[in-house]
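Counted from 1, the sequence shown has number 63 at position 64 by numbering that gives the first Met the number 0; the numbering is strictly sequential.
All C-beta atoms, glycine included, are put in the ideal place defined by N, C-alpha and C.
Keep in mind it's a predicted model, so treat the numbers as computed, not measured.
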Amino acid sequence: MDAGAASPHREVAAVGPGVAFAMLAGVAACFTMPWLPPWPLSLAAAAAVAATGMRRTRWRPACALAFGFLWTAVHGQLALQARLPEHLVGQELAIQGTVVGLPRSDEGRQRFDLAIERAASAPEIEGRRVRLSWYGRAPLVLSGARWHLQVRLKRPRGVQNPGGFDFERHALERRLAATGYVREGPANRRLDAARGIDAWRAGASARMHAVLGPADARFVAALAVGDTRALSQPDWEVLRATGTTHLFAISGFHVGLVAGFAVLLLRALYRLWPQAGLHLPLPPAAAVAGLAGAAGYAALAGYELPAVRTVLMIAVAVLAIALRRAASSWQVFALALAAVLLADPLAPLGAGFWLSFVGVAWLLLCMPRAGTASPGRLLLRAQGVATVGLLPLTVWFFGQASIVGALANLVAVPWISLVVVPLCLAGTGLAAVAEAAGAWGWYAAAWAMRPLWWLLERAASLDGALVYLPEPGPAALLAAAAGALWLLLPRALPGKPLACLLWLPLLLPARSAPLPGELELEVLDVGQGLAVLLRTASSTLVYDAGPAFPEGLDHGHATVVPAIHALAHPAPQALVLSHADNDHAGGSGSLRRAFAPLPALSGEPRRAGLRARCRAGEHWWRDGVRFDWLHPPRHFPELGNDSSCVLRIRAAGGAVLLPGDISTAIESRLLSAGIDLRAQVLLVPHHGSRSSSSPAFIEAVGPRLAIASAGHGNRFGHPAAEVQARYLERGAHWISTAQAGAVTVRLQRDGRILVRQRRKAVRRFWHER
C-alpha cells in the first residue's frame, strides 16, 4: 500500500488534533489580512490543497493550515459580496421577510433581524439577513412572523476605538448584509403569524414572565430557552465581575447535562421494558437518545455556538459507536472542531468560539483520568484549569479579569448546572403539556437562584473584584498562553515559577506614556459627536463624553470608559463637557459612575446638571503642559453651541486647540479680543459645519493637522466639503473620524507630531473602506 494513502483504520484519525489545530491556525491567520483574494482563486487553491492532504499523510498538518486559510478566504469574500450594494444605500425599499431570532425592545424602538425573502426593486438582496430598527409606536414584532416593510438600509459599519466593540466583525460573523430602519407608512403590514422554534422560544419566555414576574423570570428564561433580553446592564456587570457570564445562557456544559439526563431516562425505560434490547441494543439507543436530547436543547438556545459544539461532539461519538470504532476524547474534539470550521470558518470571529473550544481543550489536556480523584478535587482542578487557561483569551476579548471569578464559579457552576437548570427544564417540559404543571418547576428554579444571586451581587461589590487591563497585542497573548501551558502541565515539569514571567506582557504591558512637557490626544470615534482624551505624563483629562441614546447605545459606557482602560490611561482627573447637547454630554453619566468621584465642569453647567463652569482667563499646569480656557467669559449666558468651552493646551512641542461647537460669531469674538489661537493641532469646530471654521479663524490658528469628529454618512452632511477645502488650501493635513476611526496624536518635545489612524493601523478585510 502507498505510504501516503490512509488505511481504512486511519480514516477517522485522518482529522486528528494536529490537523484540526493546524486548520484553526490557518483560519486565524486569514483574520489578520487587510484584504482577500477573489474567491474563485481561493476555492481552486483550497481544493488542490485538500486533495494533496488526502494523498500525502505527512503533509496533512501543513495542508490543513493552508486549507483553513483559503477556506476562510472563500467564505469571507462571499460574505463581503453579500453585503448591500452601494447603489442601494439610503434608498427606500419594499421588502418581505421572516423575523429570525428574538427581537429586542428598548425605549421607543424595536430591533430585530429579518431574513429577506422578496425585494421587488432590489432582487440582489433576496435571501440575505438585515438588522432593522423600528422606532415610535410600532406594532409588536414577534419572532417567526412574516412582514412586508418599507425600509432604508446601509452597509454594516461601526465605530473603531481602542478596547471598543467591532460591529463590522460581528456583522460578518452573523452574515448581516445591512442595517437600517423601518419607514413609517401604511405599506408596513404583517403577512403571517409567528411560527417556528424562535416563536416557541419567545412564547415560552413570555409565559415565564407572566407566571414569575420579571425579577425572577429573567434568569429562568435565560437558562431554559436562551432568552437573555431581560437581563439588565447592572445584571451583566455583576456577571462580568464574578466571571459567571458563561453560566447565564445555554452553555455547552448544560447541553451535555441534558444529553446525560436523556441517556439516564432511556436506561430507566430499558429496565422497565427489557425486551426493547432485542430490537435495539442499549449502547446505540443511549447514544441516539443523548444526541436527540442535546440537539433539542441546542434548538432552545437558538443554536448558539457552545451548544452546537457539544452537539457535534456527541454526534461524532454516536458515529463512532455506529461504525463500531473506538474514538478517544481528543479524536472526538478534533472532529467537532474541524466540522465547525468546515461548516462556518467565520465562526472564530466570535469570542464564544475560542472560549468554548479552548476551554474544552484545556480540560482534556490537564484533567486527571476518571476515577483517579474525588468529585471535589475534580471540580477544584477544573475550575483552576479554566481560570488560568482562559485568562489570556478573556483579557484579549474583553480587556478585563475577574479576581473573584474562580471562587464564584466553584459555587455557581454546580448549583446552576445540577439544581437550577434541571428545574428550569422540568418546568418548561411540563408547561408544554400544561402550563400550570410547569409553574412549579419555574418557581423552584427562581427560588434556587435567589440565594446564589445574592452571593454574586455581594462578590461583585467587593473592591477590586474586576480588574481592567490594557489592550494586548498578539505576542502578549501567545506568551501568556505558553505561560498557562507551562503552569498547567504535570508537576514534574521544572521551572514553573518562571512561567509567570510570560504573563507580564499581558498583565503589565509596557506603555510609552508622554514625557513631561509632551501631550497625547485621543479623538475617539463616537459617530456624530465628540469625545477626546488628553494625556500628559501622569494625568488624563476627558473633553466631552460622546452621545447616548434612549434606545440603549451609550458611548460613555461603550466607548470612552473602555478606551481609557485599553490605553492604560490613569483614571481621569476631570471631565469637561464643552456644552450640554447630547452629542457631547450624553455619555457623561456612565463616565462619572465608572470613575466616581469625577469632578466635572461645562460651558452650560445648569443644562448639564453641574455646578462648575469653565471661565476664560483661567489656566493650570500639569506635567509641564499648560491648559488655558479661552471661552466663555464670566456671566456668559447658556446659548448651546456658542457656550462651548474653548480649551488651548500648550505643550513643549506645540499647541492643541479644542473649540467645541462654536460658530463663526464666537470665532470672530475671539479674533477681535486678540487672543492667541495658534495651534499645530485643531479639532475642527462643530464637526466641520458650514456655520464654523471661517477663513480668518483658520488663518489665525494655522493648524498643521485638522481633525473633524463626525459620523459616517450623517444626516447633517458634516464635515462640509467647502470647510474641508479651506483647511486643505491653508496647507493643513485633514483627518475625519468618519473615515479614520479613532485618531491618536502625540506632540513630542522636539516638535514632531505623531499621528495614528485606527482604521489604517488595524485594517482587517471585513472593515468598510
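Top-ranked residue by Cα proximity to tryptophan 395, from Leu429, Gly349, Ala425 and Gly404: When each option's Cα is compared against that of tryptophan 395, the closest is Gly349.
Where histidine 766 falls: helix, strand or coil (DSSP): Reduced to three states, the DSSP call for histidine 766 is coil.
The region 197-206 / the region 133-151 touching (three or more Cβ pairs under 8 Å): yes
Ordered list of alpha helix (DSSP H) runs contained in the region 346-413, each at least 4 residues: Counting whole runs of 4 or more residues, the region 346-413 contains the alpha helix (DSSP H) stretches 350-365 and 374-397.
Candidates Ala121, Gly463 and His74, of which the one nearest glutamate 85 by Cα: Out of Ala121, Gly463 and His74, Ala121 has the C-alpha closest to the C-alpha of glutamate 85.
Own chain partners of alanine 284 with C-beta closer than 7 Å, once the 5 adjacent residues on each side are dropped: Cβ neighbours of alanine 284 within its own chain (closer than 7 Å, five residues either side excluded): Leu265.
Cβ shell of histidine 556 (< 6 Å), same chain only, five flanking positions each side left out: Ser589
Those residues which DSSP pairs with glutamine 95 across a bridge: Arg117 and His147
Coil, strand or helix - glycine 437 by DSSP: helix
Beta strand (DSSP E) segments (min. 3 residues) lying fully within the region 677-740: 680-682, 704-707 and 732-735
Glycine 740 to histidine 208 span [Cα, whole Å]: 41 Å
Beta-carbon separation (whole angstroms), glutamate 167 vs glutamate 767, contact threshold 8 Å: Between glutamate 167 and glutamate 767 a beta carbon distance of about 6 Å is seen, short of the 8 Å cut, so the two are scored as contacting.
DSSP-derived helix/strand/coil call for serine 132: strand
Assigned secondary structure, glutamine 852 (DSSP; H/G/I helix, E/B strand, else coil): Any property of residue 852 remains undetermined from this structure, which presents the chain solely from 0 to 768.
Identity of the residues DSSP links to alanine 599 by a beta bridge: Leu574
Helix, strand or coil at aspartate 749 according to DSSP, with G and I counted as helix: coil
Contact set for serine 693: own chain, Cβ-Cβ below 6 Å, skip 5 residues either direction: Thr663 and Glu666
Expected contact under 8 Å - CB spacing of alanine 654 and alanine 678 to nearest Å: 4 Å
Nearest to leucine 681 (by Cα), restricted to the options Ala19, Ser671, Leu670 and Pro702: Checked all of Ala19, Ser671, Leu670 and Pro702; the closest Cα to leucine 681 is Pro702.
Local Cβ density within 10 Å of threonine 31, reported as buried at 16 or more and exposed below that: exposed
Delimiting residues of the beta strand (DSSP E) encompassing glycine 653: In this chain, the beta strand (DSSP E) harbouring glycine 653 covers 653-657.
Coarse secondary structure for tryptophan 446, derived from DSSP in three states: If DSSP states are grouped into helix, strand and coil, tryptophan 446 belongs with the helices.
Inter-residue Cα distance where the pair is asparagine 160 and serine 735: 14 Å
Beta-carbon proximity of valine 48 to isoleucine 94, cut-off 9 Å: no
Supposed close pair valine 254, leucine 455 - CB separation, criterion 8 Å: Valine 254 to leucine 455, Cβ: 23 Å. No contact.
Buried or exposed (CB count within 10 angstroms, at least 16 for buried), asparagine 581: exposed
Straight-line gap, proline 16 to valine 331 (C-alpha atoms, nearest Å): 9 Å
Bridge partner(s) assigned by DSSP for tryptophan 620: Arg625
Among Gly404, Phe68 and Thr56, the one whose alpha carbon lies nearest that of alanine 44: Phe68
Backbone CA spacing between histidine 583 and serine 577 [nearest angstrom]: Going by C-alpha positions, histidine 583 is about 7 Å away from serine 577.
Residues that DSSP places opposite histidine 630 in a beta bridge: Val645
Helix, strand or coil at glutamate 517 [DSSP, three-state]: Residue state, collapsed to three classes: coil.
Same chain, Cβ closer than 7 Å to proline 604, five either side skipped, listed in chain order: Arg610, Ala611 and Arg612
Helix, strand or coil at leucine 246 according to DSSP, with G and I counted as helix: helix
Run of the beta strand (DSSP E) containing glycine 179, from where it starts to where it stops: 175-181
Extent of the continuous alpha helix (DSSP H) to which tyrosine 296 belongs: Start and end: 281-299.
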